[in-house]
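Engineer: Sharing a structure here in structure tokens format.
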Amino acid sequence: RERRRAAHTPTAPPTMVARLWVLLAVAQHCAAFDFDDEEDVPMNGAGGAAAPAFFDDDATGLTVELEHSFDGKTFSPRGKLFYRDSKPYTGASGGAGRASARAAQAKLSGVSMAEFQRLLTTGGYYTVRLPSVLSEPQSMPVFASVSVCSLMASKFEERLHLSLASSGRVSGISYILPVATTQCPTAPLQRMALDEALFNTTVTVAFPEEGAKPHGKVPEHGFLPPEARAKLQRQQAANGGGPGGAGGEGGAPQDPAAGQSFLRRYWMYILPAVIMLSMGGGEPPAAEGGAAAAGGGAA
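According to our numbering, the stretch in the sequence shown is residues 13 to 311, in order.
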């Protein structure tokens with residue numbers, strides 16, 4: 013009876029099992045490979061590129077065209093660079109600024125990949141450029157170059173460091189690679205690299221650091237060279253004003269410390285004396301009566 017019941021148990025047809033296995037394999041393959049690596053730039057109503065999602069309402073966002081070249085002369089668009097200025101540089105009053113940037117996924121394919129392979133045989137340089145004023149595409153560009161051998165050895169992993177001036181102008185680009193080599197690979201490229209190569213780009217931004225500031229009031233000719241300082245003093249003496257004007261005998265320059273107050277000039281001597289007087293010291297003097305008795309006995 014058990015054998016008969018087992019024989020009558022329904023089983024799935026072989027074709028259905030095969031179809032299930034095919035569906036599972038296709039789903040696993042699609043999950044393992046993401047073919048939508050390229051970043052879609054959102055468009056605004058005017059048809060231009062809108063700010064990416066990481067821009068907030070309190071930040072100013074810019075979309076800049078990043079260009080590249082394989083001969084240093086002919087440049088073509090490589091991708092978009094998104095810049096966010098969250099705190100403008102305000103100098104001594106507000107300190108250094110804060111900004112962030114990121115680059116859209118870029119790749120080499122077709123003609124650009126052929127140019128890159130040609131440079132690998134000759135050991136040339138790969139160049140990128142940005143406008144010095146990010147909000148003005150026609151401004152003077154700033155360049156940075158790396159060896160194609162090092163770029164290939166780094167597997168297209170790169171870091172672009174933007175150095176900004178106090179005015180927000182790009183003063184320089186540092187093109188940094190994790191691997192630096194002087195010899196290009198002699199082995200043929202992989203099949204995937206022959207078709208296209210994807211860049212792994214990191215962008216950093218830095219404003220200038222503020223230097224040390226002198227304390228007190230600095231004379232207007234304090235940092236001038238000796239020749240320029242003497243010329244300025246002669247001009248001030250001729251005009252009858254300033255440090256070399258009226259006040260010094262025979263037209264001699266006055267001492268800058270002469271106009272300072274007494275406490276400001278000698279505070280380093282007065283302060284220790286005041287501290288010592290406030291702390292007190294020594295034993296109290298003997299009573300006058302005892303001193304007089306001792307004197308009478310001696311007489």
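Beta carbons: idealized from backbone N, C-alpha and C, even for Gly. Given the structure is predicted, the values throughout are model-derived calculations rather than measurements.
Please confirm whether Ala209 and Lys92 have their CB atoms less than 8 Å apart.
Structural biologist: Contact flag unset, no.
Engineer: I believe Ala115 touches Thr213 by the beta-carbon criterion, under 8 Å. Please report the beta-carbon distance rounded to the nearest angstrom.
Structural biologist: Sure, about 4 Å apart at Cβ, within 8 Å.
Engineer: Would you report the Cα separation of Gln129 and His80, rounded to the nearest angstrom?
Structural biologist: Between Gln129 and His80, the C-alpha separation is close to 15 Å.
Engineer: According to DSSP, simplified to helix, strand and coil, what is Lys119?
Structural biologist: Strand.
Engineer: What does the alpha-carbon distance come out to for the pair Leu275 and Ala242?
Structural biologist: The straight-line gap from Cα to Cα measures roughly 30 Å.
Engineer: Restricting to Cα atoms, I'd like to know which of Ser179, Tyr281 and Ser98 is closest to Leu74.
Structural biologist: Considering only alpha carbons, the answer is Ser98.
Engineer: Going along the chain, which unbroken runs of the alpha helix (DSSP H) with 4 or more residues stay wholly within the stretch 121–191?
Structural biologist: For the stretch 121–191, whole alpha helix (DSSP H) runs of length 4 or above, ordered along the chain, are 123–134 and 160–165.
Engineer: Mind checking whether Ala113 and Arg96 have CB atoms under 8 Å apart?
Structural biologist: Closer than 8 Å, so yes.
Engineer: Helix, strand or coil for Pro238, going by three-state DSSP, please let me know.
Structural biologist: Helix, per DSSP.
Engineer: With the cut-off set at 8 Å, would you say Val182 and Leu146 are in Cβ contact?
Structural biologist: It is a contact, given that the beta carbons lie within the stated cut-off.
Engineer: Suppose contacts are defined by Cβ-Cβ distances below 8 Å. Is Tyr187 in contact with Glu170 by that definition?
Structural biologist: Yes, they are a contact pair.
Engineer: On the three-state DSSP scale, how would you describe Gly284?
Structural biologist: Checking the displayed sequence, the identity of residue 284 turns out to be Pro instead of Gly. Helix, per DSSP.
Engineer: By DSSP, does Asp83 sit in helix, in strand, or in coil?
Structural biologist: It is coil, neither helix nor strand.
Engineer: So what does DSSP say about Phe274, is it helix, strand or coil?
Structural biologist: Helix.
Engineer: On the DSSP bridge list, what partners appear for Ser112?
Structural biologist: Beta-bridge pairing links Ser112 to Arg96.
Engineer: On the DSSP letters alone, give me the boundaries of the beta strand (DSSP E) that Glu208 sits inside.
Structural biologist: Glu208 to Leu210 is the span of the beta strand (DSSP E), which, as asked, contains Glu208.
Engineer: Compute every distance between the C-beta of Pro143 and the non-hydrogen atoms of the ligand SAM, then say whether any falls below 7 Å.
Structural biologist: Within the structure as shown, the ligand SAM is missing, as the structure has no ligands at all.
Engineer: CA-CA distance, Ala240 and Gln247?
Structural biologist: If you take the alpha carbons of Ala240 and Gln247, they lie about 11 Å apart.
Engineer: Should Ala111 be labelled buried (16 or more other beta-carbon atoms within 10 Å of its own) or exposed?
Structural biologist: Flag for Ala111 reads buried.
Engineer: What does DSSP give as the partner residue(s) for Pro89 in the beta ladder?
Structural biologist: For Pro89, which the question treats as bridged, DSSP gives the partners Glu79.
Engineer: Among the residues of its own chain, which have a CB less than 8 Å from the CB of Ala218, if the five just before and after it don't count?
Structural biologist: Within the same chain, Ala218 has close Cβ partners His173, Leu174, Ser175 and Leu176.
Engineer: For Thr139 and Gly84, which I take to be in contact (beta-carbon distance under 8 Å), what is that distance rounded to the nearest angstrom?
Structural biologist: Indeed they touch by this definition, with Cβ atoms about 5 Å apart.
Engineer: Tell me the rounded alpha-carbon separation between Phe87 and Ala250.
Structural biologist: Roughly 59 Å separates the two Cα atoms.
Engineer: What whole-angstrom Cβ distance do Gly122 and Phe82 have, given they're in contact under 8 Å?
Structural biologist: Their Cβ separation, rounded to whole angstroms, is 13 Å, which puts Gly122 and Phe82 out of contact at 8 Å.
Engineer: Looking at the C-beta of Lys243, does it have a partner C-beta in chain B at a distance below 8 Å?
Structural biologist: Judged by its chain identifiers, the structure shown contains no chain B, having just a single protein chain.
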